[in-house]
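Number of protein chains: 2
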Amino acid sequence: MNKQILVTGGTGFIGSHTVVELQNNGYDVVIVDNLSNSKVEVLDQIKEITGIRPKFEQFDLTDKQKVKEFFKKYSDIEAIIHFAASKAVGESVGKPLMYYNNNLSSLMNIMESMIDCEVSNLVFSSSCTVYGQPDKLPVTEQTPRKEAESPYGNTKVICEDIIRDTIKAYPSLKGIALRYFNPIGAHATAKIGELPLGVPNNLIPFLTQTVAGIRPELSVFGDDYNTEDGSAVRDYIHVVDLAKAHVVAIERLLTGKNKRNCEYFNIGTGNGVSVLEIIKSFERATGEKVPHKIVARRAGDIEKIYADTSFANEELGWKAQSTLDETLLSAWKWQLRIAKM
Amino acid sequence: MNKQILVTGGTGFIGSHTVVELQNNGYDVVIVDNLSNSKVEVLDQIKEITGIRPKFEQFDLTDKQKVKEFFKKYSDIEAIIHFAASKAVGESVGKPLMYYNNNLSSLMNIMESMIDCEVSNLVFSSSCTVYGQPDKLPVTEQTPRKEAESPYGNTKVICEDIIRDTIKAYPSLKGIALRYFNPIGAHATAKIGELPLGVPNNLIPFLTQTVAGIRPELSVFGDDYNTEDGSAVRDYIHVVDLAKAHVVAIERLLTGKNKRNCEYFNIGTGNGVSVLEIIKSFERATGEKVPHKIVARRAGDIEKIYADTSFANEELGWKAQSTLDETLLSAWKWQLRIAKM
Numbered sequence: 001m002n003k004q005i006l007v008t009g010g011t012g013f014i015g016s017h018t019v020v021e022l023q024n025n026g027y028d029v030v031i032v033d034n035l036s037n038s039k040v041e042v043l044d045q046i047k048e049i050t051g052i053r054p055k056f057e058q059f060d061l062t063d064k065q066k067v068k069e070f071f072k073k074y075s076d077i078e079a080i081i082h083f084a085a086s087k088a089v090g091e092s093v094g095k096p097l098m099y100y101n102n103n104l105s106s107l108m109n110i111m112e113s114m115i116d117c118e119v120s121n122l123v124f125s126s127s128c129t130v131y132g133q134p135d136k137l138p139v140t141e142q143t144p145r146k147e148a149e150s151p152y153g154n155t156k157v158i159c160e161d162i163i164r165d166t167i168k169a170y171p172s173l174k175g176i177a178l179r180y181f182n183p184i185g186a187h188a189t190a191k192i193g194e195l196p197l198g199v200p201n202n203l204i205p206f207l208t209q210t211v212a213g214i215r216p217e218l219s220v221f222g223d224d225y226n227t228e229d230g231s232a233v234r235d236y237i238h239v240v241d242l243a244k245a246h247v248v249a250i251e252r253l254l255t256g257k258n259k260r261n262c263e264y265f266n267i268g269t270g271n272g273v274s275v276l277e278i279i280k281s282f283e284r285a286t287g288e289k290v291p292h293k294i295v296a297r298r299a300g301d302i303e304k305i306y307a308d309t310s311f312a313n314e315e316l317g318w319k320a321q322s323t324l325d326e327t328l329l330s331a332w333k334w335q336l337r338i339a340k341m
Numbered sequence: 001m002n003k004q005i006l007v008t009g010g011t012g013f014i015g016s017h018t019v020v021e022l023q024n025n026g027y028d029v030v031i032v033d034n035l036s037n038s039k040v041e042v043l044d045q046i047k048e049i050t051g052i053r054p055k056f057e058q059f060d061l062t063d064k065q066k067v068k069e070f071f072k073k074y075s076d077i078e079a080i081i082h083f084a085a086s087k088a089v090g091e092s093v094g095k096p097l098m099y100y101n102n103n104l105s106s107l108m109n110i111m112e113s114m115i116d117c118e119v120s121n122l123v124f125s126s127s128c129t130v131y132g133q134p135d136k137l138p139v140t141e142q143t144p145r146k147e148a149e150s151p152y153g154n155t156k157v158i159c160e161d162i163i164r165d166t167i168k169a170y171p172s173l174k175g176i177a178l179r180y181f182n183p184i185g186a187h188a189t190a191k192i193g194e195l196p197l198g199v200p201n202n203l204i205p206f207l208t209q210t211v212a213g214i215r216p217e218l219s220v221f222g223d224d225y226n227t228e229d230g231s232a233v234r235d236y237i238h239v240v241d242l243a244k245a246h247v248v249a250i251e252r253l254l255t256g257k258n259k260r261n262c263e264y265f266n267i268g269t270g271n272g273v274s275v276l277e278i279i280k281s282f283e284r285a286t287g288e289k290v291p292h293k294i295v296a297r298r299a300g301d302i303e304k305i306y307a308d309t310s311f312a313n314e315e316l317g318w319k320a321q322s323t324l325d326e327t328l329l330s331a332w333k334w335q336l337r338i339a340k341m
């Protein structure tokens, strides 16, 4: 019998890629998603890639009663990957209560049901945002967390705390928080990828939409940072590499290889790449030109961050594989595909 | 027409004393309390003191629908004092989800209704626990907050964040977080006071129960701290002084005298007092002996904290008035009264 994994937010960007990798590794998947920021057609796309349509339940995880009913119905869940969350930094500043409520309540409801229904294993979508602008680079998992820059970022810090404290109180529970750096790219088949609603907040969808002619020009926010070319530096990781990290995290928990009940891993490439380097790499990989202009820094953006991934490399036996050119080419292929949708 | 103030947790220890002071200052009060840690008879006691029985609604503020219905029914609320919360540090370690859920969800529900129903003014029960063990004493409102020592403490930090971020997003809202030091004592009439369920977690109720013969001996946790007599030092404030700070905070908001939309005030006496000094002061004030023994430090206890109250003194025109002996005598009179209940 395959092991059953609950993937919340499983029709979203990272969620859908993770479902594919889980199915490819012999797991059964049930997705819960409220479809607030994704489309149900993603299920068909996943089936086209893997041959299996994941089970799907549409409801909002902030609804405690529905969460309880779900766990009653699916009594064979062995682990949970909790992606479902509101995720736009800028929007969170304008709608803080929505972010606190969505992101905290859904986690609390899930963990209550974990206790009630004896589901022991949780993998949580955390973020390098918990480090803020670190004093030292690259950041390790021991780098101190900082006061968050946005309500969104704060929900990641708080969710890590809720998980840590709950696992401490209930020693049968185990959790892994994966601190993502900047996930980009799309599945090699171009059947799933990032589907931003409205004007994208993130660099890559904005860039690919610009090259596709949907946006007139890409704004590069700041060229006066203390970085090699003055533009901000991030650690961009292929979403499929990131998805694979979830599979190994699940395996670690299910086989009891975790060394502590609550663990944290940086999931990045280890390479810091500037916005201007992204543009160059994209142009090299695709042969397309990226119309762009330098504009003022954007409030809340940090200067530079990239991961020390040695802990994940050693402990999880996982390492990001894709080159930046490959990753950006996959993003472009996805953009070409959705232009036809 | 008197102004109507919602006091959540208004049948609790600090809540009930604050209701008395509000009514004495011409405010109408409606209390919401789920009575999980207080008794409905407190309403009669308040009436005996002030001549007015406050309006009362019993429900749980984590129930969003009930909160909405409440604000529809009471459309004339001008300000909210939000006391309702789970408050036992030790219990929060064992039941973290209960603490996160109770304390965060109730605040989020209230703030959502503030936005929906255009209630602008919020006074929030924060705590000196947000400072952890500070590097420098006394602590001012600028003293950096620290990683919380318990889920309870963390909920205070997070609630402050939720209030700050929500007020930033909705400039019509105003809030004051009062960071309480250690409230003790009882109303001079001995009609209201602290009513701990089960074995008290806090020093004074344990002490008065010991003197009353309910507990065999008071445990003094640690005499090897770096303090004058080796026992831990706190800033103990008479609950009536603390209650009065809420009235001036409400007046500050209602008269628009606040200087920022979101303000923080330390509410203490400014004096650091050790556990052994408390015992001496109690014995002096009451003529009773306090049987006690020194035991090991208690996990999670900090060594020493007391407030710099100059900001509250100057900005609120408020200062704690009671002496420690008076305060402890009021606690003892309350203990004698509940012994007869």
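As they're listed, the protein sequences go chains A and B.
All residue numbers for the first sequence refer to full-length UniProt numbering, where the first residue is 1 and numbers rise by one.
All residue numbers for the second sequence refer to full-length UniProt numbering, where the first residue is 1 and numbers rise by one.
By construction, the Cβ of each residue, glycine as well, lies at the ideal position given by its N, Cα and C atoms.
Between the CA atoms of residue j and residue i - distance to the nearest angstrom
{"i": "B/GLN58", "j": "B/GLY9", "result": "10 Å"}
{"i": "B/LYS257", "j": "B/VAL248", "result": "11 Å"}
{"i": "B/LYS68", "j": "A/ALA339", "result": "44 Å"}
{"i": "A/CYS262", "j": "A/THR129", "result": "19 Å"}
{"i": "A/GLU21", "j": "B/ASP224", "result": "56 Å"}
{"i": "A/GLY185", "j": "A/GLU326", "result": "9 Å"}
{"i": "B/SER92", "j": "B/GLU149", "result": "10 Å"}
{"i": "B/LYS39", "j": "B/SER105", "result": "23 Å"}
{"i": "A/GLY175", "j": "A/ILE163", "result": "7 Å"}
{"i": "A/GLN4", "j": "A/ASN24", "result": "13 Å"}
Minimum Cβ-Cβ distance from residue i to chain B less than 8 Å
{"i": "A/PRO151", "result": "yes"}
{"i": "A/ASN261", "result": "no"}
{"i": "residue 343 of chain A", "result": "As displayed, chain A neither begins before 1 nor continues past 341, which places residue 343 of chain A out of reach and without an answer."}
{"i": "A/ILE192", "result": "no"}
{"i": "A/ASN201", "result": "no"}
{"i": "A/ASN121", "result": "no"}
{"i": "A/THR140", "result": "no"}
{"i": "A/ASP161", "result": "yes"}
{"i": "A/ASP325", "result": "no"}
{"i": "residue 343 of chain A", "result": "Since the first and last residues shown for chain A are 1 and 341, residue 343 of chain A lies out of range."}
{"i": "A/THR166", "result": "yes"}
{"i": "A/ILE204", "result": "no"}
{"i": "A/ILE77", "result": "no"}
{"i": "A/ILE294", "result": "no"}
Cβ-based burial, residue i [other Cβ within 10 Å; buried from 16]
{"i": "B/THR323", "result": "exposed"}
{"i": "A/MET108", "result": "buried"}
{"i": "A/THR166", "result": "buried"}
{"i": "B/ASN226", "result": "exposed"}
{"i": "A/GLN321", "result": "exposed"}
{"i": "A/ALA88", "result": "buried"}
{"i": "A/PRO200", "result": "buried"}
{"i": "A/ARG179", "result": "buried"}
{"i": "B/THR255", "result": "exposed"}
{"i": "A/SER75", "result": "exposed"}
{"i": "A/SER126", "result": "buried"}
{"i": "A/ASP241", "result": "buried"}
{"i": "B/PRO171", "result": "exposed"}
{"i": "A/GLY153", "result": "buried"}
Neighbouring residues, chain B, relative to residue i (Cβ below 9 Å)
{"i": "A/MET108", "result": "LEU97, TYR100, ASN101, LEU104 and SER105"}
Minimum Cβ-Cβ distance from residue i to chain A less than 8 Å
{"i": "B/ILE31", "result": "no"}
{"i": "B/ILE80", "result": "no"}
{"i": "B/GLU91", "result": "no"}
{"i": "B/ASN154", "result": "yes"}
{"i": "B/ILE338", "result": "no"}
Per-residue contacts from residue i into chain B (C-beta, under 8 Å)
{"i": "A/GLY94", "result": "ALA169"}
Chain-ordered neighbours of residue i on chain B, where CB pairs are closer than 7 Å
{"i": "A/ILE158", "result": "ILE158"}
Enumerated in chain order, which unbroken segments of the beta strand (DSSP E) with a length of 3 residues or greater are wholly contained in the segment 103–158 of chain B?
-> 121–127
What runs of the beta strand (DSSP E), each 3 residues or longer, lie entirely inside the segment 32–117 of chain A?
-> Taking only runs of at least 3 residues, the beta strand (DSSP E) segments lying wholly in the segment 32–117 of chain A are 55–57 and 77–82.
Entirely within the segment 256–312 of chain A and at least 3 residues each: give me those beta strand (DSSP E) ranges in chain order.
-> 262–267 and 292–295
For the segment 175–247 of chain A, list the alpha helix (DSSP H) runs that are entirely contained and at least 4 residues long, ordered along the chain.
-> 203–211
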